[in-house]
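Report on the structure given below.
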Amino acid sequence: MVRSSFAILFFIRDSRVKRDGTASIEVVLTVNGERCAFSTGKKVKASNWDKVKQQVKGKDDESKCLNNFLTALKAKLYQKEAELLDKGFIITAELLRDAYLDKVEILKEKSLLEVLADHNKERKAMVGKNLAPATYWVFEYTARLLTEYIKQKYQREDLYLRELNIGFIQGFHAFLLSEKKMAQNSATKHLKFLKQIVNIAVANSYMTFNPFLPYKIEREPVEIDFLDEEELRKVINFDTPIPRFERAKDMFLFGCFTGLSYIDIKTLTPEHFEKDGAGRIWIKKRRVKTDVLSRIPLLPIAKLILDKYKGGDKLLPIQDPADVNKYLKDIAILCGINKRITFHTSRHTFASTVTLANNISLEVVSKMLGHTNTRMTTHYAKLIDKCIGEQMDKLMDTFTREAYY
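Using my numbering, you'd call the opening residue of the sequence shown number 9 and step up by one each time.
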């Protein structure tokens, strides 16, 4: 918008000179005949103020510093005027003053950790509702890692969003791999969250350029362990007089025959069970991690485990994650299973050995696992060699040499 008049005037009020002879330097903005005054926050000896030149007299260091400050203040006012015009505002004296004082929300310069803190504050209220505690923990941990990285590399507490570039991202990636000794996939988790924060900043017009556009975040392929049928039977037949091993085994097997994750088993209640018209018992529960509904028919082994612990304080007395994983490691050794088993192995085993290897379709398995699409299911579901071999045998029977000729 074209303005008819705009003026900046620095002055001191003779009526407000203090006993020590100093007075505050004030600025008056005049836009289209409308005036607005505010203090610059600086003081000067009244006798040293040049009213005509609107600056401090003298060539000493203090005078030079004050005059440089006034020059910078005027430059910032012109900059804010340009920013307001660029956003489509009609300039007024009070609006320009507020913009200079960073009171115009749309012009406030945001920092990386400020936007990240706002995000985490909003998400914290969602924990236990539609956000898993483990996911929120990643948000908080990424914030601590970024704070440490900025202090180490830039010797600062924070960075403005406009300062972010591909060099910052590459440096943070290297910091995670070298300083924090993370594997590539662990580092990728934090980089993806940082990218999410930057996307939020771009969407809110806090920054105009997204430095993540030319940067590709790649996960390394991971071989997912699961128990084959023979190994699963070893665990089923594992007999132990040690109660903690017995309980860890039962919880693990419940996961193998339902596909439920640790947190979903821990939060399982009688309200999550339904019986249909055919007499089938179903587990219908929204996953804590994604809030997507899982619908799983209750298999006999899983029902036996539920009956075994009926009447206790909890539906299933699952141990703490660190403990149950430690016990499962011992159970694997005692069973002669040469694999690294954690509780999450049970979910992979359900997807691969219990369902897909028994000709349950990928779409059905996806619904039982609570996935939004089958692409996610393929991450868990690995068809074992036996299943692949059986299906290829059918092809061999169909396309024999005799049939061809």
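Virtual Cβ for every residue (Gly too), placed ideally from N, Cα, C.
Item, Value
"Taking Cβ to Cβ, would you say ILE309 is nearer than 8 Å to LYS274?", "no"
"Note down the Cα distance separating LEU240 from ARG294, rounded to an integer number of angstroms.", "27 Å"
"Between the segment 152-163 and the segment 180-187, are three or more C-beta pairs nearer than 8 Å?", "yes"
"What runs of the beta strand (DSSP E), each 3 residues or longer, lie entirely inside the segment 172-259?", "none"
"In the DSSP assignment, find the unbroken beta strand (DSSP E) run with ILE33 in it and report its ends.", "30-39"
"Go through its chain and collect everything with a Cβ distance to PHE220's Cβ below 6 Å, but skip five positions before and after it.", "LYS203 and VAL206"
"Among residues of its own chain, excluding the 5 on either side of LEU139, which ones have a beta-carbon nearer than 8 Å to its beta-carbon?", "ARG131"
"Just the C-alpha distance for GLY96 and ASN56, rounded to the nearest angstrom, thanks.", "41 Å"
"Mind checking VAL296: buried by the 16 CB within 10 Å criterion, or exposed?", "buried"
"To which residues of the same chain is LYS303 closer than 7 Å at the C-beta, ignoring the five residues directly before and after it?", "Inspection of the sequence shows that residue 303 is occupied by Arg rather than by Lys. Correct list, in chain order: TRP290, LYS292, LYS375 and MET376."
"Can you tell me which of the three DSSP states GLU91 falls into?", "helix"
"Please go through the same chain and pick out, in chain order, the residues whose beta-carbon is closer than 8 Å to the beta-carbon of SER23, but skip the five residues on each side of it.", "none"
"Buried or exposed: which applies to MET134, given that a residue is buried once 16 or more other Cβ atoms fall within 10 Å of its Cβ?", "exposed"
"Is LYS257 buried or exposed, if buried means 16 or more other CB atoms sit within 10 Å of its CB?", "buried"
"Run the CB neighbour count on PHE18, radius 10 Å, all protein chains shown included, and call it buried at 16 or more, exposed below.", "buried"
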